[in-house]
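Residue numbers (the numbering used here): 5 to 246.
Here's the structure we're looking at; comments come further down.
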Ligand SMILES: C[S@@+](CC[C@H](N)C(=O)[O-])C[C@H]1O[C@@H](n2cnc3c(N)ncnc32)[C@H](O)[C@@H]1O
């Protein structure tokens, strides 16, 4: 069974595996995996293996129309999660200066969060911020970075907030322990410190119910990063249900 929340990606996967009848694909949020399992199998079947590959994919960076990447000009939205209520547009145009600064700092460790929030609020006095390129320009007016786009962290924080990524991870880790059979394995691949902290603490706080497989997270080696750039920030943690 595979669960993918983004309808555009879901349709691509569905086409690709059209003739694969061993695979059951669902366009939903993985926080609903208990309901989905019950609906499909009727009885309370326990799972042997669960993999959570978190975050976004290359499709979101290169092709998605939702304004997740700063490389493409599109409307500020970022809602991948089908249940997401607030869009990036709502947040950027309505949150107070303090709320914006806290968001950038807490969800992406943005050290210039206050200056960026200030620039956003000043710009808003003249007009609403409609596109992701407008937002990139505002961030660039106060932050310089020669190695990567200065708006990288702002975009990351907004995407995490819009799609409730951290809350969803907490919910689904709890559910996974109820859905997995004894000796079953749960693997989580995370891509930023906020996610990894949640997985690490979940494991630490549930040692009476699970056994970690690796003490420290597994990281990609040099060869893997060379062949797959998007693996560079990945951390893998895994545990067995006891
Ligand atoms: C790192 S990408 C997977 C990349 C994939 N393994 C590949 O090689 O192309 C993570 C995927 O999980 C999806 N996703 C993230 N959070 C989700 C959630 N809460 N429920 C369902 N799908 C989710 C994203 O939309 C994205 O397509």
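Glycine is no exception: its CB is placed at the ideal position from the N, C-alpha and C atoms.
No experiment lies behind these values; they were computed from the predicted model shown.
Per DSSP, reduced to three states, the secondary structure at residue 171 is helical.
Annotated three-state conformation of residue 107 is helix, per DSSP. In the DSSP annotation of this structure, residue 185 is not part of any alpha helix (DSSP H); the continuous beta strand (DSSP E) holding it starts and ends at 184-194. For secondary structure counted as the beta strand (DSSP E) over 3 or more consecutive residues, the stretch 7-46 holds these complete runs in sequence order: 29-31. In the structure shown, residue 208 adopts helical secondary structure according to DSSP, grouped into three states. When the beta-carbon positions are compared, residue 41 and residue 185 stay at least 8 Å from each other. Between the stretch 148-160 and the stretch 56-74 there are three or more C-beta pairs closer than 8 Å, enough to call the two in contact. DSSP places residue 242 in the strand class (E or B) of the three-state scheme.
C-alpha of residue 149 to C-alpha of residue 24: approximately 46 Å in a straight line.
Relative to the non-hydrogen atoms of ligand 1, the Cβ of residue 225 never comes closer than 7 Å to any of them.
Between the alpha carbons of residue 29 and residue 91 lies a distance of about 26 Å. Taking 8 Å as the cut-off, the beta carbon of residue 134 is found closer than this to the beta carbon of residue 80. Within its own chain, the residues whose Cβ lies closer than 6 Å to the Cβ of residue 175, once the five positions on either side in sequence are excluded, are 35, listed in chain order. Here the distance from the Cβ of residue 67 to the nearest heavy atom of ligand 1 is not below 7 Å.
When distances are taken from the beta-carbon of residue 58 to the heavy atoms of ligand 1, the shortest one is below 7 Å.
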